[in-house]
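Chemist:
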Amino acid sequence: MIDSNLYLQQCHTVHVHSIDRLARNTNDLNNLVNSLNDRGITIIFHKENLIFSHDIAQSAMNKLMFQMLAAFAEFERSMIRERQKEGIAKAKAKGLYKGRKRKVDYSEVQNAMRKERATFRSVARQFGVGVATVQRALKIDIKNGD
């Protein structure tokens, strides 16, 4: 998103609070920084005190710091995801995590589609849901063999 927004506007410098705020993994971060630098845009990471510019030769130490900090940011994100999955699994085992309740009963949607030979869009309007919800209800119907 940031890449496409900067492409449309004339921008010379991007200020970022921290490396982990710009991208979720090392590859994306590397590609984004290189892409911005190739277009003459300077990136300043304030927390890490790193500056990447197309016209400043990058020292080996600067590049190493960038790669290490990016790897740690990706690692931290992975750890958060793992802990979240563990917590959800424990909550499900206790019966506490059931997800959001459905807005509409899928069997009603399935019946409406069968009886009226209606379109996805008309049934979606009838029940006040999105077309994707109607499609999902029918997909479940097909999986169950009804």
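If you use full-length UniProt numbering, the sequence shown closes out at 146, no skipped numbers anywhere. Every residue gets a Cβ at the ideal spot worked out from N, C-alpha and C, and that includes glycine. Given the structure is predicted, the values throughout are model-derived calculations rather than measurements.
1. Pick from Val109, Gln135, Leu50 and Arg81: whose alpha carbon is nearest that of glutamine 67?
2. For valine 104, which residues of its own chain have a beta-carbon under 6 Å away from its beta-carbon, when the five flanking residues on both sides are left out?
3. What are the boundary residues of the beta strand (DSSP E) that includes leucine 96?
4. Whose C-alpha, out of Thr119, Thr42 and Ala132, is nearest the C-alpha of histidine 12?
5. Closest to residue 154 by CA distance: which of Ala112, His54, Arg81 and Lys47 is it?
6. Does the region 69-85 come close enough to the region 103-123 to have 3 or more Cβ pairs within less than 8 Å?
7. Is the beta carbon of alanine 60 less than 8 Å from the beta carbon of threonine 26?
8. When burial is assigned at 16 or more other CB atoms within 10 Å of the CB, is phenylalanine 45 buried or exposed?
9. Which residue wins for smallest C-alpha separation from lysine 63, given the options Thr133, Val14, Ile88 and Leu29?
10. Name the DSSP bridge partner or partners of alanine 50?
11. How about valine 16 and leucine 36: are their beta carbons less than 8 Å apart?
12. In its own chain, which residues sit with a C-beta less than 7 Å from the C-beta of alanine 137, not counting the 5 before and 5 after it?
Modeler: With the given structure in hand:
1. For the residues Val109, Gln135, Leu50 and Arg81, the minimum Cα distance to glutamine 67 belongs to Leu50.
2. Phe127 and Val129
3. Here leucine 96 belongs to no beta strand (DSSP E), and DSSP marks it neither H nor E.
4. It is Thr42.
5. Look at the range of the chain in this structure, 1 to 146, and you will see that residue 154 is not part of it.
6. no
7. no
8. So phenylalanine 45 ends up on the buried side.
9. Leu29
10. What sits at residue 50 in the sequence shown is leucine, not alanine. According to DSSP, which records beta bridges pairwise, leucine 50 is partnered with Phe45.
11. No; because the gap between Cβ atoms is not below 8 Å, this pair is not in contact.
12. So the qualifying residues of the chain are Tyr106, Val109 and Gln110.
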